[in-house]
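Q:
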Amino acid sequence: LASREAHPESSVIDVSGVKIGGGQLGMIAGPCSVEDRERMMRIAESVCESGANLFRGGAYKPRTSPYAFQGLGEKGLEILRDVGDRFGIPVVTEITDPRNVELVAQYADMLQIGARNMQNFVLLTEVGKSSRPVLLKRGMSATIADLLMSAEYILSEGNPNVVLCERGIKSFDPSTRNLFDVAAVPVVQGLTHLPMIVDPSHATGRPDLIPPCALAGLAAGADGVHIEVHDCPEEAKSDGPQALLPEQYKQILQQMRLMADLL
Ligand code: PEP
Ligand code: MN
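Put into structure tokens, the structure is as follows:
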């Protein structure tokens with residue numbers, strides 16, 4: 071179902087009115103975790119003004135340590151929904167538990183499957199039964215064939231609305247958090263009709279590398295860019311060190327727009 075051979079035309083995924091694919095870019099921005107309401111409103115106001123068309127924030131955080139902040143749960147979903155309604159922007163949030171699909175789908179416009187859960191087949195099957203669009207991130211040790219098979223799990227349950235995301239893979243070099251596999255974009259797009267976006271935030275883990283990698287992703291043909299933004303990275307509940315400030319996001323979005331116009 072995911073194969074380009076069977077469906078030569080690129081799919082356009084509609085996320086509550088925002089289209090991703092076929093030349094239309096999904097610009098996802100927001101903090102790693104949903105935090106307090108005022109801060110979320112502040113960050114959303116600024117990224118919306120800059121031109122982001124999807125807002126993100128995790129209410130259920132898959133953390134390496136069980137002692138790290140695990141997310142605000144349903145309270146976080148409520149805040150995220152309110153932010154989306156206030157600014158008229160669709161919201162994306164991660165789902166980590168197959169038992170929560172209905173709950174999360176009540177609040178969110180798009181369900182994110184994180185890298186750590188890309189091969190959680192029960193979870194894939196459950197989001198496949200939902201009608202909400204899905205953002206499926208590539209696992210940090212997953213091949214492109216693995217990623218496409220995971221998409222197949224969702225599609226085969228009847229949900230055709232899948233957007234793929236390259237977010238970096240494990241490498242031997244600790245210079246960057248992960249290795250940004252920019253070639254994955256055209257490789258995936260050759261194999262599937264589904265849109266593919268890039269996430270230079272998790273791919274590099276370094277604010278200084280996010281702008282060049284975002285532009286490289288677009289130059290490689292990505293259907294959108296996912297960037298974490300926080301107004302006070304030192305206070306962020308997760309992934310603060312890789313967050314861009316709102317002004318930095320504004321700048322890179324202008325550059326991305328210029329580049330998209332050139333392509
Ligand atoms: C996230 O988007 O905050 C996240 C945890 O991403 P990934 O699953 O790519 O690590
Ligand atoms: Mn994050």
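UniProt numbering numbers the first residue of the sequence shown as 71 and each following residue consecutively. Ideal Cβ placement from N, Cα and C applies to all residues, glycine included. These figures come from a predicted structure and were not determined experimentally.
For CYS235, name the three-state secondary structure that DSSP assigns.
A: In the structure shown, CYS235 sits in a strand (DSSP, three-state: E or B).
Q: With respect to the beta strand (DSSP E) encompassing ILE98, which residues constitute its N-terminal and C-terminal limits?
A: 96-100 is the span of the beta strand (DSSP E), which, as asked, contains ILE98.
Q: Any idea what DSSP makes of PHE242, helix, strand or coil?
A: Coil, per DSSP.
Q: With a threshold of 6 Å (Cβ to nearest heavy atom), would ASN102 be considered close to the ligand MN?
A: The sequence as given places Cys at residue 102; Asn does not occur at that position. For the ligand MN, at least one heavy atom lies less than 6 Å from the Cβ of CYS102.
Q: Out of curiosity, what's the CA-to-CA distance linking ALA185 and VAL104?
A: Those two C-alpha atoms are separated by around 18 Å.
Q: What are the residues that DSSP puts in a beta bridge with VAL162?
A: Bridge partners of VAL162: ARG126 and MET180.
Q: Relative to the ligand MN, is the shortest distance from any of its heavy atoms to the C-beta of ASP269 smaller than 6 Å?
A: Checking every heavy atom of the ligand MN against the Cβ of ASP269, none is found closer than 6 Å.
Q: Is it a yes or a no for the segment 273-283 touching the segment 74-89, going by three-plus beta-carbon pairs under 8 Å?
A: They do not touch, by the three-pair rule.
Q: Is DSSP giving MET188 helix, strand or coil here?
A: Coil at MET188, not helix or strand.
Q: Does the beta-carbon of GLY158 have 16 or more other beta-carbons within 10 angstroms, so that it is buried, or is it exposed?
A: The residue in question, GLY158, is exposed, as its Cβ has fewer than 16 Cβ neighbours within 10 Å.
Q: Rank LYS89, ALA114, ILE83 and LEU95 by C-alpha distance to the C-alpha of GLU317 and give the top, closest one.
A: Here the closest residue by C-alpha is ALA114.
Q: Report the option in SER211, ARG156 and ASN229 whose CA atom is closest to the CA atom of MET110.
A: For the residues SER211, ARG156 and ASN229, the minimum Cα distance to MET110 belongs to ARG156.
Q: The alpha helix (DSSP H) that contains GLY287, what's its start and end?
A: Taken as a continuous stretch (DSSP letters only), the alpha helix (DSSP H) holding GLY287 covers 280-289.
Q: Got a sec, what are the start and stop residues for the alpha helix (DSSP H) ASP155 sits in?
A: Unbroken alpha helix (DSSP H) run through ASP155: 144-157.
Q: Using a 10 Å radius around the Cβ and a threshold of 16 neighbouring Cβ atoms, would you call GLN324 buried or exposed?
A: Exposed: under 16 other Cβ atoms inside 10 Å.
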